[in-house]
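**Q** Here UniProt numbering is used: position 137 in the sequence shown is 137, and no number is missing along the way. Glycine included, every Cβ here is placed at the ideal spot set by N, Cα and C. Below is one structure. I have some questions about it.
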Amino acid sequence: MASAPEGKAPKLGLNVYGSAVVNPYKISILAEELGLTYNYINLDVAAGDHQSDWFVKINPNGKVPAIVHVKEDGTSVTVFESAACLLYLTHEFDKEHKFSRPVGTPEYWTQLSWLSWQVAGYGPMMGQAAHFNRYAYEPVPYGAWRYTAESRRLHSVLDKQLSTSPYVGGDQITIADFAVFIYTHSARWCGIDINEWPNVKAWHDKLLQRPGVQRGLQTPVPYPFSDAAVSSENQEFYKTLRQWGAQGIKAASEKWKGEAAPVPSDHRNYE
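Listed below in structure tokens is the structure:
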């Protein structure tokens, strides 16, 4: 197995592996909110860092974020997937439960439920909406309709929750808020106008005012998918990004293509 290139091997302390895509910003936001000192290692996606042998040893799935916590005694802990990283950081560094709830309490399970809602539903559906609305190699109207509609439904779920609760998981801000926030902050890129959901918009704007959130949104570069950014006059960047993304996604998926395994009811939904 190859070793990490110079500057990308983990150092003593907390190492965060990420890039200028959505999910790593959850980690930089929490790290900034906690006031942590950390080493941010920015992967070059275009160069294939995330699929390199040395990084796949850190995250077998070849995705960001991931963290490697090298402790003073020489031991290290490696964690991948954004929810697991958030839970690890609060376990290790949030002993006062500023952004988490004590394990086993009813509030903890509420926090975990909304965090799971984000990683299992809200994030993937928004991601698919972004794919079909912004990155599809060719127009796929049904895909755009399906995932935009589901994203709208999920915003209605979130808006209802926030109509009776100041934060996603209750009366205290938690990692569930940070996990959900980065997708509401990307709403227009995914095809959603959050102004349609006043409680979501008010909650989003409240979090955006937090200095820690603002600092986290600058790491490793200013977050490129906010409503303001994608609506700016700098559309050449987004045209290039969409072309590169469409070609890259198609190329990465090509090796895995195949026919769906058949079942006896095939094609009845077309009749």
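#1: Counting Cβ pairs closer than 8 Å, one from the region 15-27 and one from the region 38-46, do we hit at least three?
#2: For a quick check, are the C-beta atoms of residue 29 and residue 213 less than 8 Å apart?
#3: Whose C-beta lies closer than 6 Å to the C-beta of residue 204 among residues of the same chain, with five residues either side of it excluded?
#4: What first and last residue would you give for the alpha helix (DSSP H) that runs through residue 212?
#5: What is the DSSP secondary structure of residue 143, counted as helix, strand or coil?
#6: Can you give, in chain order, each stretch of the alpha helix (DSSP H) that sits fully within the region 82-110 and has at least 4 residues?
#7: What number of angstroms, rounded off, separates the C-alpha of residue 106 from the C-alpha of residue 239?
#8: Run through the DSSP bridge pairs and tell me what residue 16 is partnered with.
#9: For residue 181, which three-state DSSP category applies?
#10: Given this structure, state the Cα-to-Cα distance separating residue 263 from residue 92, to the nearest angstrom.
#11: Can you give the Cα-Cα distance for residue 19 and residue 260, rounded to whole angstroms?
#12: Using 8 Å as the threshold, is the C-beta distance between residue 179 and residue 128 below it?
#13: Does DSSP put residue 245 in a helix, in a strand, or in coil?
#14: On the three-state DSSP scale, how would you describe residue 121?
**A** Let me lay it out:
#1: yes
#2: yes
#3: 184
#4: 211-216
#5: helix
#6: 82-93
#7: 46 Å
#8: 40, 67
#9: helix
#10: 48 Å
#11: 33 Å
#12: no
#13: helix
#14: helix
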